[in-house]
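The UniProt record's numbering puts the first residue of the sequence shown at 1, with every later residue one more than the last.
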Amino acid sequence: MSDSTFAIGLGIGTQNKEGTWLEVFYPSPVASPEKSIIDAVMESTNYEGGNATLVLDESDLNRLHLTLLKAGHIELAERASRLKPSTQPVVLCVLEADEAPANPAEVYLKLQLISHRQVQPHKTKLDGMFGLLVNTAWTSEGPIDVRELADRQLSARMEGRTIEVFSVDKFPKMANFVVPTGIRIGDAARIRLGAHLGEGTTVMHEGFVNFNAGTLGTSMVEGRISAGVVVGNGSDLGGGCSTMGTLSGGGNIVIAVGEECLIGANAGIGIGLGDRCTVESGLYITAGSKVALLDENNSVVSVIKARELSGQSDLLFRRNSETGAIECKTNKTAIALNEALHAHN
């Protein structure tokens with residue numbers, strides 16, 4: 001067993017009729033737990049090291065409660081004790097190493113670590129996660145395997161109840177699992193579990209944040225943050241704007257937005273932005289877009305593909321109102337930009 005463990009979670013799970021995990025709710029997951037926590041788990045449960053998902057019974061929880069108390073982890077001990085009356089399976093998931101997940105319980109632990117801000121997007125391996133997750137109806141009676149939904153709906157009707165279906169998806173909304181401090185969300189259904197919302201972020205009603213993506217600080221989000229896209233502190237996304245995600249066929253460019261950027265209303269990017277960049281409203285820049293580079297006199301220096309500017313700072317992207325050409329100039333001074341531009345001549 002290694003000296004450090006990637007993460008541990010203790011929570012409540014839901015299974016389908018085949019015994020496959022539909023979801024697991026970890027109220028207080030822990031990234032990089034202290035060795036004494038793992039020692040207590042090994043002493044009181046059947047955990048023997050490695051990455052493992054266990055179902056704990058009341059006697060396991062009693063032992064875990066006592067060993068955690070002895071080790072001085074009062075809050076975790078109380079959590080273990082509180083779960084003892086649960087009528088749903090109590091799940092212990094330990095990830096000794098950050099490896100590709102092996103089951104849905106591991107996927108849910110990693111997604112909740114991101115939404116709890118304990119792990120940033122792109123900082124944990126999620127390879128193969130889609131093949132592990134079960135397509136689930138998220139309903140007024142909790143998660144139901146979509147293949148079992150019709151039977152459950154019929155049974156409910158026979159008992160005088162109606163099951164309301166909120167969505168059918170492999171991902172639930174984040175707010176049903178995690179509500180981070182210091183944020184506002186206009187429509188919780190538009191934030192998927194695994195989103196990372198930094199302190200001070202506001203997501204308005206038309207904003208959307210996918211999994212393994214989000215903001216790192218204060219941001220106003222009125223547009224779309226697609227899967228894998230990370231937005232730096234102080235950057236704002238205008239109404240209806242879009243960021244091309246890692247699932248959108250955008251090649252191998254990782255789309256990231258630096259600090260203090262503005263993507264205007266109905267604009268979009270298929271390239272990364274450095275710090276203090278602005279994209280004019282209504283302008284969509286793909287990696288292959290031809291961009292006219294302007295000097296301090298607004299004269300064209302050269303024309304290049306937008307991908308060559310990916311990640312650079314202090315850029316203003318706009319569309320020429322007369323010719324329709326996409327233009328780029330520095331937000332601050334033309335001198336630094338010119339040095340980069342002439343390198344492409």
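Just so it is clear, CB atoms sit at the ideal spot from N, CA and C, and this is done for glycine as well.
- For Ala80, the enclosing alpha helix (DSSP H) stretches over residues 74-82.
- Between the alpha carbons of Gly214 and Met158 lies a distance of about 43 angstroms.
- Distance check between Tyr26 and each of Ser36, Val178, Asn62, Lys173 places Val178 closest, using alpha-carbon atoms only.
- Here Ser289 has Ala306, Ile326 as same chain residues with Cβ atoms under 6 angstroms from its own Cβ, once five neighbours each way along the sequence are excluded.
- For the pair Ala105 and Gly13, the CB atoms are nearer than the 8 angstroms cut-off.
- Boundaries of the beta strand (DSSP E) around Thr215: 213-215.
- Under the three-state reduction of DSSP, Asp60 is assigned to helix.
- Following the DSSP letters along the chain, one finds Phe166 inside the beta strand (DSSP E) bounded by residues 165-169.
- If you keep only unbroken alpha helix (DSSP H) runs of at least 4 residues inside the region 252-316, you get nothing at all.
- The C-beta distance from Val231 to Ser219 rounds to 6 angstroms, short enough to meet the 8 angstroms contact threshold.
- For Glu106, no beta strand (DSSP E) encloses it; the enclosing alpha helix (DSSP H) starts and ends at 104-115.
- If you compare the alpha carbons of Pro89, Leu316, Leu69, Pro121 with that of Glu260, the shortest gap goes to Leu316.
- Classified as buried, Asn210 has 16 or more neighbouring CB atoms from the shown chains inside 10 Å of its CB.
- In terms of CA proximity to Ala7, Gln118 leads the group Ala137, Arg82, Gln118.
- Collapsing the DSSP output to three states places Met204 in coil.
- DSSP places Phe25 in the uninterrupted beta strand (DSSP E) bounded by 21-25.
- In the assembly as shown, Ile74 is an exposed residue. Its beta-carbon has fewer than 16 other beta-carbons within 10 Å.
- Val279 places its beta carbon 8 angstroms or farther from that of Ala292.
- Looking at Asp145, Thr202, Leu68, Ala156, the one whose alpha-carbon comes closest to that of Lys170 is Asp145.
- Met220 carries a strand assignment under DSSP once its states are collapsed to helix, strand and coil.
- Secondary structure at His122: coil, using DSSP grouped into helix, strand and coil.
- Between the alpha carbons of Glu222 and Leu283 lies a gap of roughly 16 angstroms.
- Membership of Leu132 in the alpha helix (DSSP H) is indicated by the continuous run 129-132.
- Nearest Cα to Leu197 within the set Ile304, Asn297, Leu113: Leu113.
- Around the C-beta of Phe166, fewer than 16 other C-beta atoms lie within 10 Å, and the residue is accordingly described as exposed.
- For Ala150, the enclosing alpha helix (DSSP H) stretches over residues 149-158.
- For Glu327, the enclosing beta strand (DSSP E) starts and ends at 326-330.
- Asn16 and Gly217 have their C-alpha atoms roughly 38 angstroms apart.
- Ile304 and Ile285 do not touch by the CB rule: their CB atoms are close to 12 angstroms apart, not below 8 angstroms.
- Looking at the DSSP output, Thr67 shares a beta bridge with no other residue.
- By the C-beta criterion, the region 34-49 is judged not to be in contact with the region 115-133, since fewer than 3 inter-stretch pairs fall below 8 angstroms.
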